[in-house]
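In what follows, a single structure is set out as structure tokens and then discussed.
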Amino acid sequence: MGQGGAEQSGRLGELLQRYRELQEEFGPMDEDALIDKVVASVAHRRRRLESALAQIAELDIEAQWLVDEISGREQSLELLLVDVVRRVGRMLEDGWSPDPLLGFRLWIMNGSGLDGAKVTWRTRVMTATCLTTGEADSVPHSDGRCGRLGCGVYATKELDPLFAQHLNARSHGYAVGLVELTGKVVEHEHGFRAERAEIVALAAVGVDGYLETEDPDEVADLCDAPEAALRLSGGLRPSGVLGRIERFLTACQERRLGWT
Ligand SMILES: [Zn+2]
Numbered sequence: 157m158g159q160g161g162a163e164q165s166g167r168l169g170e171l172l173q174r175y176r177e178l179q180e181e182f183g184p185m186d187e188d189a190l191i192d193k194v195v196a197s198v199a200h201r202r203r204r205l206e207s208a209l210a211q212i213a214e215l216d217i218e219a220q221w222l223v224d225e226i227s228g229r230e231q232s233l234e235l236l237l238v239d240v241v242r243r244v245g246r247m248l249e250d251g252w253s254p255d256p257l258l259g260f261r262l263w264i265m266n267g268s269g270l271d272g273a274k275v276t277w278r279t280r281v282m283t284a285t286c287l288t289t290g291e292a293d294s295v296p297h298s299d300g301r302c303g304r305l306g307c308g309v310y311a312t313k314e315l316d317p318l319f320a321q322h323l324n325a326r327s328h329g330y331a332v333g334l335v336e337l338t339g340k341v342v343e344h345e346h347g348f349r350a351e352r353a354e355i356v357a358l359a360a361v362g363v364d365g366y367l368e369t370e371d372p373d374e375v376a377d378l379c380d381a382p383e384a385a386l387r388l389s390g391g392l393r394p395s396g397v398l399g400r401i402e403r404f405l406t407a408c409q410e411r412r413l414g415w416t
């Protein structure tokens, strides 16, 4: 014992050093045995601490390795599942799409949200319900149980029909968006009926304001209080606004198609 002083630093190390020097000059003291015991006890615990820290470092490395391993396997699993779901889903023609599909929608802005013909959107995500049957399973229905047009969130493949059919002489107070369609998606010639739709880009035309955005928070604000959000944006309404909307939403669509 008695060699523990080397491991101490700072004030305690200086004190131990001074104690050893005094011990050499003065000879044995009453406290020697107790001091040796405490010094040895500290040294013992210090070794245990070092060992524990070494184990933590090893566990850290193992944990990081496991995170990487899990991520790699999850990527393989996702590819595998997308492949199986796409192949078998196509065989069963159940319309469930593993990849989001993109479509366009138009809403009329009113005081409480974005009026989408049948329901008002107050948030940027809409989940379809079957208003005709009230049945929640396998929405949108593709077996004709809720009529010729059927339930689901509607979206068109092209922008032009939206402008032509729904805008008429309206010059403001509407919003046009790019929506990502997920879950069960039934494809028709000119559009889709989806189980779930999320607005990923929105162009809104107010009395004297215009806003185009892909920011989820700004889209949410526009759904929540369209006219207020549009006034806050303060953007002047450009002339030839339909062309502007078309360029913006088409660019958003092309970029997203490039991602997948
Ligand atoms: Zn239905």
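For the sequence shown, our numbering assigns the number 157 to the initial residue and increments by one for each residue that follows.
A virtual CB, placed ideally from N, CA and C, is assigned to each residue, including glycine.
Just so you know, these numbers come straight off a predicted model, no measurement behind them.
Given a threshold of 16 other Cβ atoms within 10 Å of its Cβ, counted over all protein chains shown, does residue i qualify as buried or as exposed?
{"i": "residue 395", "result": "exposed"}
{"i": "residue 401", "result": "buried"}
{"i": "residue 253", "result": "buried"}
{"i": "residue 221", "result": "exposed"}
{"i": "residue 182", "result": "exposed"}
{"i": "residue 344", "result": "exposed"}
{"i": "residue 195", "result": "buried"}
{"i": "residue 358", "result": "buried"}
{"i": "residue 200", "result": "exposed"}
{"i": "residue 411", "result": "exposed"}
{"i": "residue 372", "result": "exposed"}
{"i": "residue 259", "result": "buried"}
{"i": "residue 382", "result": "buried"}
{"i": "residue 296", "result": "buried"}
Ignore the nearest five residues each way along the sequence and tell me which others in residue i's own chain have a CB closer than 6 Å to its CB.
{"i": "residue 218", "result": "none"}
{"i": "residue 277", "result": "269, 270 and 379"}
{"i": "residue 158", "result": "Unreliable placement is indicated for residue 158, whose pLDDT of 43 sits below 50; the coordinate value is still reported in the next sentence. Contacts found: 192."}
{"i": "residue 241", "result": "254"}
{"i": "residue 350", "result": "308, 309, 337 and 341"}
{"i": "residue 282", "result": "309 and 353"}
Can you tell me where the alpha helix (DSSP H) holding residue i begins and where it ends?
{"i": "residue 221", "result": "188-248"}
{"i": "residue 384", "result": "382-389"}
{"i": "residue 170", "result": "166-182"}
Less than 7 Å between C-beta atoms, sequence neighbours within five positions excluded: which residues of the same chain meet that for residue i?
{"i": "residue 205", "result": "none"}
{"i": "residue 389", "result": "365 and 367"}
{"i": "residue 347", "result": "259, 310, 311, 312 and 313"}
What residue range is occupied by the uninterrupted beta strand (DSSP E) comprising residue i?
{"i": "residue 343", "result": "330-343"}
{"i": "residue 352", "result": "347-361"}
{"i": "residue 392", "result": "Element bounds for residue 392: n/a, residue is neither H nor E."}
{"i": "residue 367", "result": "366-369"}
Give every residue of the same chain whose Cβ lies closer than 8 Å to the Cβ of residue i, excluding the five residues on either side of it in the sequence, and list them in chain order.
{"i": "residue 385", "result": "360, 367, 374, 377 and 378"}
{"i": "residue 408", "result": "334, 356, 357 and 370"}
**Asked** When the Cβ atoms of the segment 310-320 are set against those of the segment 358-367, are three or more pairs found closer than 8 Å?
**Response** no
**Prompt:** Taking the runs of the beta strand (DSSP E) that are 3 residues or longer, which of them lie wholly in the segment 246-319?
**Reply:** 257-266, 269-272, 275-277, 281-283 and 309-312
**Message:** Three or more C-beta pairs under 8 Å: does that hold for the segment 255-275 against the segment 331-339?
**Reply:** yes
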